[in-house]
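These protein sequences, in sequence, are chains A and B.
Count along the first sequence from 1, then add 73; that gives the number in my numbering.
Count along the second sequence from 1, then add 14; that gives the number in my numbering.
Note that CB positions come from ideal geometry on N, CA and C, so glycine has one too.
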Amino acid sequence: MGGLLARARSGDEAGFLELWRALQPRLLRYLHVLGCDDPDDVAGETWFQVVRDLHKFAGDDEDFRRWLFTVARHRAIDAARARMRRHVSPMADGLDGLADEQMVEDQVLDGMSVKQAVAMLAGLSQDQAEAVALRVIAGLDTPAVASILGKSPGAVRVALHRGLRALAADPRVQALAADHGSGLPGQLAPWGGGLSEH
Amino acid sequence: MSTDFPGHRGDDRPGDVPGGMPGDLLGDIASSEPGLGALLGMLAADATPDELTGESAALAMFRATRQPGVPVAEPRLLGSPGTSGRRIGGRSAPAGRHPRRQARRVGLMAAAVTLAAAAGFAVAAYTEALPAPLQQAAYHALGFAGVPASHHPAPSAASSHAPGNSRGHGSSPKPGPSKQPSPQPSSSGPASLTGQASLSITVTSGRIVAGRSDTFTAHLSDKSGGVAGASVSLLEREAGQSAWQQAGTATTGGNGTAAITASNLTMNAVFRLKGPDGTLSGPVLVIVMPPVSATFSGSKAKTGGITASSPLAAPGNIVVLQILSGGHWMSLQMGRLNGTNQAQFMVRSRLRQRTYRVVLLPTASHGLSVSNAVTVPPR
C-alpha cells in the first residue's frame with residue numbers, strides 16, 4: 074500500500090482509487106460499529122479531510138491508517154453531537170437488523186454476512202467494540218488503537234480480550250466454527266499486519 | 015451501542031505515531047476459537063459491492079481537492095443538484111434496495127415499534143408501575159383503556175385498604191359473569207369490618223389465549239384476620255372502554271378468600287375487586303393473546319406464499335414473518351392484517367425448504383402471539 078499512498082500523494086488518481094477501495098470498506102464497517110446514523114456521509118467527510126491534508130502527511134501505511142481512522146472517529150463524534158443538537162430521534166437505530174431483509178437472507182444462506190458480523194461487533198460494550206474494530210477492521214496495532222482512544226495500551230488489551238471472549242461465547246459465533254473450520258488469523262488483514270503481534 | 019462517543023478530541027493531524035509497544039494476544043485467541051477466527055475474518059473480509067458504490071464520487075472529490083486553484087466544496091455540497099448528484103463516498107440508497115420499498119419498510123417498522131411501545135406503556139400504566147408523572151400522563155393518554163390515575167393507591171400491590179368500624183354479614187354467592195356498566199367502582203353490600211380492611215386480588219394466569227378464562231382470588235381481611243361471608247365483586251375494564259363492568263361476584267369463605275372466574279376474555283383488560291364499605295383492591299392486568307396461524311400455499315411460480323391468519327385480532331394489526339436459522343428465529347418481513355384478518359407473505363425460491371412462523375405484534379388490545387411453525391417445501 075506504500076506505493077499507493079505515494080501515488081495518491083503525488084496526485085495520481087488511479088493510485089488514490091486503489092487506496093480508497095482498500096480502506097473504504099473498513100472505514101464504513103468501523104463507522105457502523107460506532108453506531109453512525111449515516112456512515113457513508115461521515116466516511117465522505119473523512120476522505121475529504123484526508124485528501125485535503127494529504128500533502129502534509131508524513132508516515133508509512135500504518136501511520137496513514139491510524140490517521141484515517143482518527144479523523145473518522147472525530148467526524149463520527151461531530152455527527153453524533155450534531156444529531157443531538159437537532160434532537161433527532163434515533164427511532165430506527167435498532168431496526169436495522171429487522172429492516173434489512175437481504176442481510177437476513179445472506180445469513181440464512183451463507184451462515185453469516187459481513188453486515189451481520191459488524192452488527193454483532195456493534196453489540197459489544199462501546200470500549201470493547203471500538204478496540205476490536207480498530208484492531209481487526211482497521212488493522213491497527215495496540216499502541217495505535219490506544220492513541221486513538223486516548224487510553225493506555227493495557228486498557229486496550231483488556232477491552233480487546235473481553236470483547237473477543239464475549240464474541241467467542243456467542244452461540245452464533247460458535248456455530249461458525251463448524252462451517253468455517255479453524256480460523257486463520259494471518260489471513261484476516263490483507264496488508265499482513267492486522268493480526269500479527271506488534 | 016451509543017453514538018455519543020466519549021473520549022478526548024485529540025490532535026488528528028497526520029504523523030505523530032507512538033513508538034512500538036508489546037503486542038496483545040489477539041492472534042492466539044482467534045486461533046484457539048475457530049468460530050471467532052471466522053468472525054474476525056468476515057470483519058476484515060474484502061469489500062462487498064455495496065461498500066464501493068461511492069467510488070465515482072470519491073474520485074470527483076479527489077480531483078476537485080487536488081487541483082490547484084479549484085474551489086474545494088464541502089462533501090455535502092458536492093451532492094447537491096448540479097454536481098455529481100451524490101455525496102462523497104455516499105449513495106442515495108443501499109445497493110439492491112429500492113428506496114421506496116425501503117422507506118415503506120422503515121415506516122412499517124416505526125409503526126410496529128410505536129404500537130409495541132404503546133402496548134408496553136399501557137401494560138405498565140395498567141398496573142400502575144409507572145412513576146407518578148408518567149402514570150398521570152398515561153391516565154390522560156390511555157384513560158379510555160382503564161388506566162388508574164397516579165393518586166390511586168399501591169402501584170405494585172394489587173390490594174388496597176378501606177377504613178371500617180363495624181362488622182356485618184356476608185352475602186350469598188351470585189353467579190357470574192354478568193357485565194353491568196358502572197362508571198366507577200363503588201361501595202357495595204353490607205359488610206362488617208373491624209378497623210382497616212384490606213382487599214387483595216391475585217390472578218391465576220394473567221396471560222391467556224383469547225377466548226379462554228382466568229380466575230381471580232380475593233382475600234379480604236381486617237385487623238382480626240380473614241373476613242368470612244363478605245360479598246366481593248370482580249370489576250373489569252377492557253382496553254378501549256371507559257366504564258367498569260361487573261364480571262362476577264362471590265362470597266368470601268372462612269379464611270376471607272373467594273375465587274371468581276371471568277370467561278371468554280378476548281381483549282386485554284384490567285381487573286379489580288370491590289368489597290364491603292368501599293374496599294377496593296389494586297388492579298391486575300390480563301393479557302390476551304389472539305391465536306395466529308401460518309399456512310403455506312404452494313405455487314408453481316418462483317415464489318410461494320405463507321398466509322398469516324388471526325381471526326380474533328383486528329385488521330391493520332402488524333404481523334412479522336420469521337425464519338428459523340441456526341436455531342434462532344430471525345425476522346424477515348412485516349405486514350398488516352387485511353379486512354379478513356389475514357396477511358400474505360411471499361417466500362423467494364432461494365429461501366424454500368426453510369421453517370417459518372408468524373408473530374402477531376402486541377397492541378393495547380392484545381398481547382404478542384406466535385403462530386405454529388411451517389416448513390416450506392422445495393419447488
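Within-8 Å CB hit, residue i to chain A
i, result
"MET75 of chain B", "yes"
"ILE332 of chain B", "no"
"ALA61 of chain B", "yes"
"GLU252 of chain B", "no"
"ALA232 of chain B", "no"
"GLY296 of chain B", "no"
"ALA52 of chain B", "yes"
"THR79 of chain B", "yes"
"ALA264 of chain B", "no"
"LEU148 of chain B", "Note on LEU148 of chain B: pLDDT 35, under 50, position unreliable in the model; the coordinate value appears next. Cβ-Cβ to chain A under 8 Å: no for LEU148 of chain B."
"ALA322 of chain B", "no"
"GLY349 of chain B", "no"
"LEU382 of chain B", "no"
"ALA130 of chain B", "Confidence at ALA130 of chain B is low in this model, with a pLDDT of 39, below 50, so the placement of that residue should be treated as unreliable; the coordinate-derived value is given next. Judged by the 8 Å Cβ criterion, ALA130 of chain B is not in contact with chain A."
"ALA58 of chain B", "yes"
"GLY318 of chain B", "no"
"PRO48 of chain B", "yes"
"ILE43 of chain B", "yes"
"LEU375 of chain B", "no"
"GLY239 of chain B", "no"
"GLY353 of chain B", "no"
Any chain B beta carbon closer than 8 Å to residue i
i, result
"GLU91 of chain A", "no"
"LEU240 of chain A", "yes"
"ARG138 of chain A", "no"
"GLY277 of chain A", "Absent from the structure is residue 277 of chain A, since the part of chain A shown begins at 74 and ends at 271."
"LEU207 of chain A", "no"
"LEU213 of chain A", "no"
"ASP134 of chain A", "no"
Check whether residue i and residue j have beta carbons under 8 Å apart
i, j, result
"LEU375 of chain B", "VAL334 of chain B", "yes"
"THR404 of chain B", "VAL302 of chain B", "Nothing about residue 404 of chain B can be reported from this structure: the residues present for chain B run from 15 to 393 only."
"ALA202 of chain A", "GLY223 of chain A", "no"
"THR275 of chain B", "THR229 of chain B", "yes"
"GLY239 of chain B", "THR271 of chain B", "no"
"SER441 of chain B", "ALA328 of chain B", "Only positions 15 to 393 of chain B appear in this structure, which leaves residue 441 of chain B out of reach."
"PRO98 of chain A", "GLU47 of chain B", "no"
"LEU249 of chain A", "ALA59 of chain B", "no"
"GLY268 of chain B", "ALA242 of chain B", "yes"
"SER323 of chain B", "GLN336 of chain B", "no"
Residues of its chain near residue i, where Cβ-Cβ distance is below 8 Å and the 5 sequence neighbours each way are ignored
i, result
"ASP114 of chain A", "ALA152"
"ASP111 of chain A", "ALA152"
"GLY319 of chain B", "PHE310, SER311, SER313, GLN358, PHE359, MET360 and VAL361"
"ALA116 of chain A", "GLN97, LEU100, LEU101, LEU104 and ALA145"
"PRO391 of chain B", "PHE310, GLY312, ARG366 and GLN367"
"PRO36 of chain B", "Caution is warranted here: a pLDDT of 34 is assigned to PRO36 of chain B, below 50, making its placement in the model unreliable, and no coordinate value can be reported."
"HIS128 of chain A", "ARG82"
"GLY381 of chain B", "ALA133, ARG221, ASN282, ILE301, VAL302 and MET303"
"PHE142 of chain A", "LEU100, TYR103, LEU207, ALA211, LEU213 and ILE221"
Closest Cα partner of residue i within the set the options
i, options, result
"THR369 of chain B", "B:ASN352, B:ALA308 and B:ALA328", "B:ALA308"
"TRP140 of chain A", "A:ALA81, A:ALA204, A:GLU118 and A:ALA217", "A:ALA217"
"GLY76 of chain A", "A:VAL209, A:SER186 and A:ASP133", "A:ASP133"
"ASP214 of chain A", "A:ALA239, A:LEU233, A:SER186 and A:GLU118", "A:LEU233"
"GLN260 of chain B", "B:VAL246, B:ALA273 and B:GLY268", "B:VAL246"
"LEU294 of chain B", "B:GLY341, B:SER235, B:GLY340 and B:ASN278", "B:SER235"
"THR354 of chain B", "B:GLY340, B:ASN278, B:VAL372 and B:LEU326", "B:LEU326"
"GLN189 of chain A", "B:PRO63, B:LEU57, B:LEU73 and B:ARG77", "B:LEU57"
"GLN356 of chain B", "B:SER363, B:VAL372, B:HIS342 and B:GLY341", "B:VAL372"
"GLN347 of chain B", "B:ILE332, B:SER339, B:SER385 and B:GLY341", "B:ILE332"
Nonlocal neighbours in the same chain, by C-beta distance under 7 Å from residue i, ignoring five residues either side
i, result
"GLY330 of chain B", "ARG350 and LEU351"
"VAL223 of chain B", "MET303 and PRO305"
Chain-order list of residues whose beta-carbon lies under 6 Å from that of residue i (same chain, five-residue window excluded)
i, result
"ARG246 of chain A", "A quick correction: the sequence has Val, not Arg, at residue 246 of chain A. The answer, listed in chain order, is LEU240."
"GLY383 of chain B", "This sequence places Ser at residue 383 of chain B; Gly is not what is there. Counting only Cβ-Cβ distances below 6 Å, and skipping sequence neighbours, we find MET303, PRO304, VAL306 and LEU374."
"ARG80 of chain A", "GLY88"
"ALA253 of chain B", "ALA159, MET281, ASN282, ALA378 and SER379"
"HIS233 of chain B", "SER214, GLY270 and THR271"
"GLY55 of chain B", "none"
"LEU78 of chain A", "PHE137"
"VAL388 of chain B", "ALA308, PHE310 and TYR370"
Chain-ordered neighbours of residue i on chain D, where CB pairs are closer than 9 Å
i, result
"LEU104 of chain A", "The displayed structure is made up of protein chains A and B, and chain D is not among them."
Inter-stretch contact at 8 Å, needing at least 3 Cβ pairs: the region 211-229 of chain B / the region 286-303 of chain B: The region 211-229 of chain B, when compared against the region 286-303 of chain B, does touch it at the 8 Å Cβ threshold.
Three-pair Cβ contact test at 8 Å for the region 191-201 of chain A versus the region 91-107 of chain A: yes
At least three beta-carbon pairs within less than 8 Å, the region 67-76 of chain B to the region 89-98 of chain A: Short answer: they touch.
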